[in-house]
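For reference, the structure discussed in these notes is given below.
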Amino acid sequence: MGWYQSDWQGWHPRRFEWYFTRTRVGKGVREQEESGVVAVLDSFLAPSHRAADVGAGTGHYTSLLARRCASVVAIEPSPRMRGYLRQRLAAEELSNVRLVAGRLPVPPALECDVDVVVCVGVLQYIWDLQVAVASLAAMVRPGGRVIFSVTPASRGALWYACQEHLGRRRIRLRSDGQILEATDRAGLAVESMTTFAGVTRLVSATSSTSGSWR
2 MGWYQSDWQG
12 WHPRRFEWYF
22 TRTRVGKGVR
32 EQEESGVVAV
42 LDSFLAPSHR
52 AADVGAGTGH
62 YTSLLARRCA
72 SVVAIEPSPR
82 MRGYLRQRLA
92 AEELSNVRLV
102 AGRLPVPPAL
112 ECDVDVVVCV
122 GVLQYIWDLQ
132 VAVASLAAMV
142 RPGGRVIFSV
152 TPASRGALWY
162 ACQEHLGRRR
172 IRLRSDGQIL
182 EATDRAGLAV
192 ESMTTFAGVT
202 RLVSATSSTS
212 GSWR
(Lines of atoms letter the chains of each structure in order from A and count residues from 1; the text may use other names and numbers.)
(Lines give C-alpha, C1' and ligand atoms only; values in the text may rest on other atoms or scores of the structure.)
Protein backbone atom coordinates (compact mmCIF):
# COMPACT_ATOMS: atom_id res chain seq x y z
CA MET A 1 0.00 0.00 0.00
CA GLY A 2 1.38 3.43 -0.97
CA TRP A 3 1.89 6.34 1.39
CA TYR A 4 -0.70 8.63 -0.19
CA GLN A 5 -4.42 8.32 0.38
CA SER A 6 -7.04 8.70 -2.33
CA ASP A 7 -8.13 12.31 -2.85
CA TRP A 8 -11.52 11.58 -1.27
CA GLN A 9 -10.64 9.13 1.52
CA GLY A 10 -9.66 9.71 5.12
CA TRP A 11 -11.41 13.02 5.65
CA HIS A 12 -12.63 13.84 9.18
CA PRO A 13 -15.18 16.67 8.96
CA ARG A 14 -14.99 17.84 12.57
CA ARG A 15 -11.19 17.87 12.48
CA PHE A 16 -11.37 19.70 9.15
CA GLU A 17 -13.67 22.38 10.58
CA TRP A 18 -11.55 22.68 13.73
CA TYR A 19 -8.49 23.45 11.63
CA PHE A 20 -10.22 26.14 9.57
CA THR A 21 -12.08 27.78 12.45
CA ARG A 22 -9.75 27.36 15.46
CA THR A 23 -6.15 27.48 14.25
CA ARG A 24 -4.48 30.74 13.31
CA VAL A 25 -3.21 29.50 9.95
CA GLY A 26 -6.37 27.67 8.92
CA LYS A 27 -8.68 30.46 10.01
CA GLY A 28 -6.56 33.03 8.19
CA VAL A 29 -6.57 31.05 4.95
CA ARG A 30 -10.32 30.51 5.05
CA GLU A 31 -11.14 34.14 5.86
CA GLN A 32 -8.99 35.49 3.03
CA GLU A 33 -10.20 32.87 0.58
CA GLU A 34 -13.85 33.48 1.50
CA SER A 35 -13.45 37.23 1.05
CA GLY A 36 -12.32 36.61 -2.52
CA VAL A 37 -15.16 34.21 -3.30
CA VAL A 38 -17.79 36.54 -1.82
CA ALA A 39 -16.42 39.52 -3.76
CA VAL A 40 -16.85 37.61 -7.03
CA LEU A 41 -20.31 36.30 -6.11
CA ASP A 42 -21.56 39.71 -5.03
CA SER A 43 -20.55 41.15 -8.41
CA PHE A 44 -23.08 39.08 -10.37
CA LEU A 45 -25.11 36.56 -8.33
CA ALA A 46 -28.89 37.07 -8.23
CA PRO A 47 -31.50 35.47 -5.92
CA SER A 48 -32.96 33.59 -8.92
CA HIS A 49 -29.66 31.96 -9.86
CA ARG A 50 -28.80 28.27 -9.49
CA ALA A 51 -25.42 27.10 -8.23
CA ALA A 52 -23.26 24.01 -7.83
CA ASP A 53 -20.62 23.40 -5.16
CA VAL A 54 -18.21 20.70 -6.36
CA GLY A 55 -16.25 19.03 -3.59
CA ALA A 56 -18.62 20.57 -1.06
CA GLY A 57 -16.86 19.08 1.96
CA THR A 58 -18.34 20.33 5.23
CA GLY A 59 -20.55 22.77 3.35
CA HIS A 60 -18.87 26.10 4.05
CA TYR A 61 -19.53 27.39 0.54
CA THR A 62 -22.70 25.33 0.10
CA SER A 63 -24.27 27.24 2.99
CA LEU A 64 -22.99 30.55 1.67
CA LEU A 65 -24.45 29.86 -1.79
CA ALA A 66 -27.77 28.58 -0.43
CA ARG A 67 -28.33 31.89 1.35
CA ARG A 68 -27.70 33.87 -1.82
CA CYS A 69 -29.46 32.00 -4.63
CA ALA A 70 -32.49 29.87 -5.48
CA SER A 71 -30.95 26.39 -5.39
CA VAL A 72 -27.66 24.57 -4.95
CA VAL A 73 -26.38 21.16 -6.04
CA ALA A 74 -23.69 20.06 -3.56
CA ILE A 75 -21.44 17.31 -4.96
CA GLU A 76 -19.18 15.46 -2.51
CA PRO A 77 -17.46 12.04 -2.74
CA SER A 78 -16.74 11.44 0.97
CA PRO A 79 -19.54 9.69 2.90
CA ARG A 80 -18.31 11.29 6.14
CA MET A 81 -18.39 14.76 4.65
CA ARG A 82 -21.84 14.19 3.17
CA GLY A 83 -23.13 13.04 6.54
CA TYR A 84 -21.75 16.13 8.25
CA LEU A 85 -23.13 18.40 5.52
CA ARG A 86 -26.56 16.80 5.72
CA GLN A 87 -26.68 17.55 9.45
CA ARG A 88 -25.44 21.09 8.87
CA LEU A 89 -28.14 21.82 6.30
CA ALA A 90 -30.80 20.58 8.70
CA ALA A 91 -29.41 22.64 11.58
CA GLU A 92 -29.27 25.78 9.43
CA GLU A 93 -32.74 25.04 7.98
CA LEU A 94 -31.52 25.24 4.39
CA SER A 95 -33.95 23.32 2.19
CA ASN A 96 -32.81 24.50 -1.25
CA VAL A 97 -29.76 22.21 -1.44
CA ARG A 98 -29.60 18.86 -3.26
CA LEU A 99 -26.75 16.76 -1.88
CA VAL A 100 -25.36 14.09 -4.19
CA ALA A 101 -22.40 11.69 -4.18
CA GLY A 102 -19.88 12.41 -6.91
CA ARG A 103 -16.35 13.52 -7.73
CA LEU A 104 -14.38 15.12 -10.53
CA PRO A 105 -14.70 14.65 -13.38
CA VAL A 106 -18.42 15.10 -12.79
CA PRO A 107 -20.51 12.49 -14.67
CA PRO A 108 -22.70 13.89 -17.49
CA ALA A 109 -25.80 12.97 -15.46
CA LEU A 110 -24.80 15.63 -12.90
CA GLU A 111 -24.12 18.38 -15.43
CA CYS A 112 -26.87 20.76 -14.45
CA ASP A 113 -26.64 24.00 -16.48
CA VAL A 114 -26.25 26.25 -13.44
CA ASP A 115 -25.38 29.93 -13.29
CA VAL A 116 -22.28 29.46 -11.16
CA VAL A 117 -20.01 26.57 -10.19
CA VAL A 118 -17.79 26.88 -7.11
CA CYS A 119 -14.92 24.44 -6.56
CA VAL A 120 -12.65 25.55 -3.71
CA GLY A 121 -9.96 23.44 -2.04
CA VAL A 122 -10.30 20.55 -4.47
CA LEU A 123 -8.20 20.88 -7.61
CA GLN A 124 -4.86 20.65 -5.83
CA TYR A 125 -5.67 16.97 -5.25
CA ILE A 126 -6.65 16.30 -8.88
CA TRP A 127 -3.97 14.99 -11.24
CA ASP A 128 -5.36 16.26 -14.56
CA LEU A 129 -6.25 19.95 -14.26
CA GLN A 130 -7.50 20.26 -17.83
CA VAL A 131 -10.02 17.42 -17.47
CA ALA A 132 -11.20 18.79 -14.12
CA VAL A 133 -11.69 22.35 -15.36
CA ALA A 134 -13.46 21.09 -18.50
CA SER A 135 -15.82 19.13 -16.25
CA LEU A 136 -16.61 22.26 -14.22
CA ALA A 137 -17.19 24.25 -17.41
CA ALA A 138 -19.63 21.61 -18.67
CA MET A 139 -21.85 22.22 -15.65
CA VAL A 140 -22.38 25.93 -16.20
CA ARG A 141 -24.66 27.64 -18.72
CA PRO A 142 -23.12 29.83 -21.46
CA GLY A 143 -22.28 33.15 -19.88
CA GLY A 144 -22.23 31.63 -16.40
CA ARG A 145 -19.34 31.76 -13.97
CA VAL A 146 -16.84 29.16 -12.77
CA ILE A 147 -14.95 29.93 -9.55
CA PHE A 148 -12.18 27.55 -8.51
CA SER A 149 -8.97 27.50 -6.52
CA VAL A 150 -5.60 25.88 -7.05
CA THR A 151 -2.37 25.86 -5.08
CA PRO A 152 0.07 28.15 -6.91
CA ALA A 153 3.51 27.04 -8.01
CA SER A 154 5.28 29.40 -5.63
CA ARG A 155 7.86 29.20 -2.86
CA GLY A 156 5.22 30.27 -0.34
CA ALA A 157 3.11 27.18 -1.06
CA LEU A 158 5.88 24.68 -0.33
CA TRP A 159 5.10 24.53 3.41
CA TYR A 160 1.52 23.61 2.54
CA ALA A 161 2.71 20.84 0.22
CA CYS A 162 4.93 19.47 3.02
CA GLN A 163 2.07 19.63 5.51
CA GLU A 164 -0.20 17.72 3.15
CA HIS A 165 2.53 15.14 2.54
CA LEU A 166 2.69 14.43 6.27
CA GLY A 167 -1.07 13.97 6.18
CA ARG A 168 -0.62 11.38 3.39
CA ARG A 169 -2.02 13.66 0.70
CA ARG A 170 -0.26 14.61 -2.51
CA ILE A 171 -1.05 18.02 -3.95
CA ARG A 172 -0.16 19.56 -7.29
CA LEU A 173 1.18 23.09 -7.61
CA ARG A 174 -0.10 24.95 -10.69
CA SER A 175 1.45 27.77 -12.70
CA ASP A 176 -0.58 30.58 -14.23
CA GLY A 177 0.29 29.12 -17.63
CA GLN A 178 -1.30 25.80 -16.69
CA ILE A 179 -4.40 27.59 -15.38
CA LEU A 180 -4.80 29.66 -18.53
CA GLU A 181 -4.29 26.66 -20.81
CA ALA A 182 -6.91 24.64 -18.91
CA THR A 183 -9.48 27.43 -18.88
CA ASP A 184 -8.93 28.29 -22.55
CA ARG A 185 -9.36 24.67 -23.66
CA ALA A 186 -12.54 24.47 -21.57
CA GLY A 187 -14.04 27.55 -23.20
CA LEU A 188 -13.63 29.76 -20.15
CA ALA A 189 -12.49 33.38 -20.22
CA VAL A 190 -10.55 34.26 -17.07
CA GLU A 191 -11.82 37.40 -15.36
CA SER A 192 -9.46 37.41 -12.38
CA MET A 193 -6.75 35.41 -10.60
CA THR A 194 -5.87 36.37 -7.03
CA THR A 195 -3.60 34.69 -4.48
CA PHE A 196 -4.64 34.56 -0.83
CA ALA A 197 -2.40 33.66 2.13
CA GLY A 198 0.24 32.49 -0.33
CA VAL A 199 -1.39 29.07 -0.73
CA THR A 200 -4.64 29.65 -2.63
CA ARG A 201 -4.91 30.99 -6.17
CA LEU A 202 -8.57 31.89 -6.74
CA VAL A 203 -9.71 31.94 -10.36
CA SER A 204 -12.95 33.44 -11.68
CA ALA A 205 -13.86 32.69 -15.29
CA THR A 206 -16.86 33.16 -17.56
CA SER A 207 -18.21 30.41 -19.78
CA SER A 208 -18.40 30.87 -23.55
CA THR A 209 -19.16 28.59 -26.47
CA SER A 210 -15.54 28.45 -27.69
CA GLY A 211 -12.66 26.29 -26.53
CA SER A 212 -11.32 23.00 -27.85
CA TRP A 213 -13.30 20.92 -25.33
CA ARG A 214 -16.65 22.22 -26.62
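In this note's numbering, the protein residues as written are 2 to 215.
Yeah, the Cβ is synthetic: ideal placement off N, Cα and C, and Gly gets one too.
Note down the Cα distance separating V98 from L90, rounded to an integer number of angstroms. Distance between the alpha carbons of V98 and L90: 8 Å.
In three-state terms, what does DSSP make of I127? The DSSP-derived three-state label of I127 is coil.
Given V147, which residues of its chain have a CB within under 7 Å of its CB, disregarding the five upstream and five downstream residues? Counting only Cβ-Cβ distances below 7 Å, and skipping sequence neighbours, we find V118, L137, A138, V141, L189, A206, S208.
Is DSSP giving T63 helix, strand or coil here? Correct three-state label for T63: helix.
Suppose only complete runs of 4+ residues qualify. What are the alpha helix (DSSP H) ranges in the stretch 43 to 107, listed by chain order? If we require 4 residues or more, the alpha helix (DSSP H) runs fully inside the stretch 43 to 107 come out as 61 to 67, 80 to 92.
According to DSSP, is I148 helix, strand or coil? The answer is strand: DSSP assigns I148 an E or B state.
Helix, strand or coil: which one does DSSP assign to T24? The DSSP-derived three-state label of T24 is coil.
Please list the terminal residues of the continuous beta strand (DSSP E) segment that includes R173. R173 -> no beta strand (DSSP E), and no H or E assigned at all.
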